[in-house]
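Residue numbers (the numbering used here), protein chains in the order written: chain P, 462 to 692; chain R, 2 to 112. Before any comments, here is the structure.
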């Protein structure tokens, strides 16, 4: 393996990751806008985007904070949204497990839906890639998406304050969540889990902020597994 | 925000660390050791278990209309969901949802 092939694999990853800029850009912008609406400062919004770097959980945390939930519940709800990334982490072990620890740590920091999905597809299609080439490919995929993700939240915060209430940006968050969930409803089990989540959350709406959602999420995960077993 | 600046930064720091630990869990900490399959199967459903329950009250009782159900927002939500199911693409679902929202607000005379 030469440095030249590692470099070309990196560029390949970059090309394969580039289209996802279009997905990430509005999402990050909306987070900035929503964070301003919720009363966060520019630094706090950027802190979320750069340090947590996981869109859905950032929106979840923001909504729980707007609902004035206790801090423990804010954290539980947001981290629950990110639990799927444990699966991504497990799925990458056969491909990247032999890489140096610092590289695996950096991969972990940059492990989100787009980088995971694009990289695993390439690893499956090209089993001959060496571990170094796989790492190079992964960082290639992350290269265009990550800076755009970070920068657009800042833009969202700066323009968010100038957008009039008639533009109904309060509804940016529900639309974004629904847009994210819909493509995930691939099987009956996923649909059953989603329906359970909605029904239980609505039934328990009277509980203090966040409690109903946690119970609903637990029920929904159990229903998902049960339906999976029967189909 | 009812939280102090320190509390907000505490939430950000805890989320940053917690999210990294989740991502690093297998790659860095657990490695190839097998996990009980029931755990992996439960994990598969976390996004669809959390997000719908979070979004449902926001759609039915939006804060912007004083918690009253709002036809325009309901329609926009249904459109975003339907287009997401149909195209399987987040970006089209977002665009369609906003398109429906603004068309609805325009027709209702808000915009």
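Built from N, CA and C at the ideal position, the CB exists for glycine as well.
Of the choices the options, whose alpha-carbon is the least far from that of residue i?
{"i": "residue 72(R)", "options": "96(R), 32(R), 11(R) and 104(R)", "result": "104(R)"}
{"i": "residue 468(P)", "options": "591(P), 566(P), 543(P) and 520(P)", "result": "591(P)"}
{"i": "residue 633(P)", "options": "475(P), 496(P), 540(P) and 474(P)", "result": "496(P)"}
{"i": "residue 555(P)", "options": "531(P), 647(P), 544(P) and 580(P)", "result": "580(P)"}
{"i": "residue 649(P)", "options": "601(P), 548(P), 686(P) and 545(P)", "result": "686(P)"}
{"i": "residue 63(R)", "options": "75(R), 110(R), 53(R) and 52(R)", "result": "75(R)"}
{"i": "residue 606(P)", "options": "511(P), 506(P), 656(P) and 503(P)", "result": "511(P)"}
{"i": "residue 3(R)", "options": "601(P), 598(P), 619(P) and 501(P)", "result": "501(P)"}
{"i": "residue 9(R)", "options": "552(P), 504(P), 475(P) and 680(P)", "result": "504(P)"}
{"i": "residue 576(P)", "options": "563(P), 553(P) and 589(P)", "result": "553(P)"}
{"i": "residue 49(R)", "options": "624(P), 518(P), 507(P) and 493(P)", "result": "518(P)"}
{"i": "residue 681(P)", "options": "110(R), 42(R) and 109(R)", "result": "42(R)"}
{"i": "residue 636(P)", "options": "24(R), 57(R) and 7(R)", "result": "57(R)"}
{"i": "residue 67(R)", "options": "631(P), 509(P), 485(P) and 586(P)", "result": "631(P)"}
{"i": "residue 484(P)", "options": "472(P), 516(P), 507(P) and 465(P)", "result": "516(P)"}
{"i": "residue 81(R)", "options": "584(P), 563(P) and 639(P)", "result": "639(P)"}
{"i": "residue 110(R)", "options": "544(P), 628(P), 583(P) and 678(P)", "result": "628(P)"}
{"i": "residue 92(R)", "options": "542(P), 526(P), 683(P) and 481(P)", "result": "481(P)"}
{"i": "residue 40(R)", "options": "547(P), 583(P) and 572(P)", "result": "547(P)"}
{"i": "residue 432(P)", "options": "12(R), 7(R) and 25(R)", "result": "Because chain P in this structure spans residues 462 to 692, residue 432(P) falls outside the shown range and cannot be described."}
{"i": "residue 557(P)", "options": "594(P), 521(P) and 544(P)", "result": "594(P)"}
{"i": "residue 622(P)", "options": "491(P), 509(P) and 465(P)", "result": "491(P)"}
{"i": "residue 477(P)", "options": "683(P), 626(P) and 584(P)", "result": "584(P)"}
{"i": "residue 566(P)", "options": "12(R), 20(R) and 69(R)", "result": "20(R)"}
Anything in chain P within Cβ reach of residue i, meaning under 7 Å, just list it in chain order.
{"i": "residue 109(R)", "result": "The contacting residues do not exist; residue 109(R) stays about 11 Å from chain P at best."}
{"i": "residue 37(R)", "result": "Simply none; closest approach about 12 Å."}
{"i": "residue 17(R)", "result": "512 and 513"}
{"i": "residue 72(R)", "result": "The premise fails here: residue 72(R) is roughly 13 Å from chain P at the closest Cβ pair, so nothing lies under 7 Å."}
{"i": "residue 32(R)", "result": "554 and 558"}
Ignore the nearest five residues each way along the sequence and tell me which others in residue i's own chain have a CB closer than 6 Å to its CB.
{"i": "residue 560(P)", "result": "592 and 596"}
{"i": "residue 489(P)", "result": "610, 613 and 614"}
{"i": "residue 433(P)", "result": "Limits of chain P in this structure are 462 at one end and 692 at the other, which puts residue 433(P) out of reach."}
{"i": "residue 471(P)", "result": "597 and 601"}
{"i": "residue 95(R)", "result": "none"}
By the criterion of Cβ-Cβ separation under 7 Å, what are the contact partners of residue i in chain R?
{"i": "residue 569(P)", "result": "21, 24, 25, 28 and 29"}
{"i": "residue 654(P)", "result": "46, 49 and 50"}
{"i": "residue 613(P)", "result": "Here the premise fails: no neighbours, minimum Cβ distance about 14 Å."}
Output, in chain order, the set of chain R residues within a Cβ distance shorter than 8 Å of residue i.
{"i": "residue 674(P)", "result": "51, 54 and 55"}
{"i": "residue 497(P)", "result": "Neighbours of residue 497(P) on chain R: none; closest Cβ ~11 Å, over 8 Å."}
{"i": "residue 649(P)", "result": "Within 8 Å Cβ-Cβ: nothing; residue 649(P) doesn't reach chain R, min ~12 Å."}
{"i": "residue 624(P)", "result": "Near residue 624(P) there are no residues of chain R at all, since even the closest Cβ is about 12 Å away, more than 8 Å."}
{"i": "residue 500(P)", "result": "2"}
{"i": "residue 692(P)", "result": "Near residue 692(P) there are no residues of chain R at all, since even the closest Cβ is about 13 Å away, more than 8 Å."}
{"i": "residue 545(P)", "result": "44, 45, 47 and 48"}
{"i": "residue 593(P)", "result": "Correct list: empty, because the minimum Cβ distance to chain R is about 16 Å."}
{"i": "residue 562(P)", "result": "29"}
{"i": "residue 669(P)", "result": "The premise fails here: residue 669(P) is roughly 13 Å from chain R at the closest Cβ pair, so nothing lies under 8 Å."}
{"i": "residue 605(P)", "result": "Under the 8 Å cutoff, chain R gives no residues; its nearest Cβ is about 15 Å from residue 605(P)."}
The alpha helix (DSSP H) spanning residue i covers which residue range?
{"i": "residue 529(P)", "result": "Per DSSP, residue 529(P) belongs to no alpha helix (DSSP H) and is neither H nor E."}
{"i": "residue 35(R)", "result": "Looking at the DSSP string, residue 35(R) is not in any alpha helix (DSSP H), and its letter there is neither H nor E."}
{"i": "residue 91(R)", "result": "91 to 109"}
{"i": "residue 570(P)", "result": "562 to 570"}
{"i": "residue 589(P)", "result": "Residue 589(P) -> no alpha helix (DSSP H), and no H or E assigned at all."}
{"i": "residue 654(P)", "result": "649 to 664"}
{"i": "residue 477(P)", "result": "464 to 478"}
{"i": "residue 10(R)", "result": "6 to 25"}
{"i": "residue 62(R)", "result": "From DSSP, residue 62(R) is part of no alpha helix (DSSP H); its letter is neither H nor E."}
{"i": "residue 505(P)", "result": "503 to 508"}
{"i": "residue 28(R)", "result": "First-last for residue 28(R): undefined, no H or E at that position."}
{"i": "residue 634(P)", "result": "633 to 642"}
Tell me which residues share the same chain as residue i and place their Cβ nearer than 7 Å to its Cβ, disregarding the 5 neighbours each side in the sequence.
{"i": "residue 523(P)", "result": "495, 496 and 499"}
{"i": "residue 651(P)", "result": "645 and 685"}
{"i": "residue 688(P)", "result": "649, 650 and 653"}
{"i": "residue 112(R)", "result": "103 and 106"}
Name, please, each residue of chain P whose Cβ falls closer than 8 Å to the Cβ of residue i.
{"i": "residue 58(R)", "result": "662, 663 and 666"}
{"i": "residue 76(R)", "result": "Correct list: empty, because the minimum Cβ distance to chain P is about 11 Å."}
Which same chain residues, not among the five before or five after residue i, have their C-beta less than 8 Å away from its C-beta?
{"i": "residue 570(P)", "result": "514"}
{"i": "residue 690(P)", "result": "none"}
{"i": "residue 572(P)", "result": "546, 549, 550 and 553"}
What in chain R is Cβ-close to residue i, meaning under 9 Å?
{"i": "residue 586(P)", "result": "Near residue 586(P) there are no residues of chain R at all, since even the closest Cβ is about 20 Å away, more than 9 Å."}
{"i": "residue 608(P)", "result": "Near residue 608(P) there are no residues of chain R at all, since even the closest Cβ is about 18 Å away, more than 9 Å."}
{"i": "residue 532(P)", "result": "4, 8, 11, 12 and 15"}
Could you tell me if the beta carbon of residue i falls within a distance shorter than 7 Å of some heavy atom in the ligand COA?
{"i": "residue 19(R)", "result": "Looking at this structure, you won't find the ligand COA or any other ligand, since it has none at all."}
Name the chain P residues that come within less than 9 Å of residue i, Cβ to Cβ?
{"i": "residue 90(R)", "result": "484, 640 and 644"}
{"i": "residue 100(R)", "result": "What residue 100(R) touches in chain P: nothing, since even the nearest Cβ is about 10 Å away."}
Using 8 Å as the cut-off, can you tell me whether the region 10 to 18 of chain R makes contact with the region 527 to 541 of chain P, which would need three or more C-beta pairs spanning the two stretches below that distance? yes
The region 86 to 96 of chain R touching the region 636 to 647 of chain P, judged by at least three CB pairs closer than 8 Å: yes
Pairs of beta-carbons, one from the region 29 to 49 of chain R and one from the region 660 to 672 of chain P, closer than 8 Å: are there three or more? no
Decide yes or no for the touch test of the region 650 to 669 of chain P against the region 54 to 68 of chain R: beta carbon pairs closer than 8 Å, at least 3 of them. yes
Taking three-plus beta-carbon pairs below 8 Å as touching, is the region 654 to 662 of chain P in contact with the region 47 to 56 of chain R? yes
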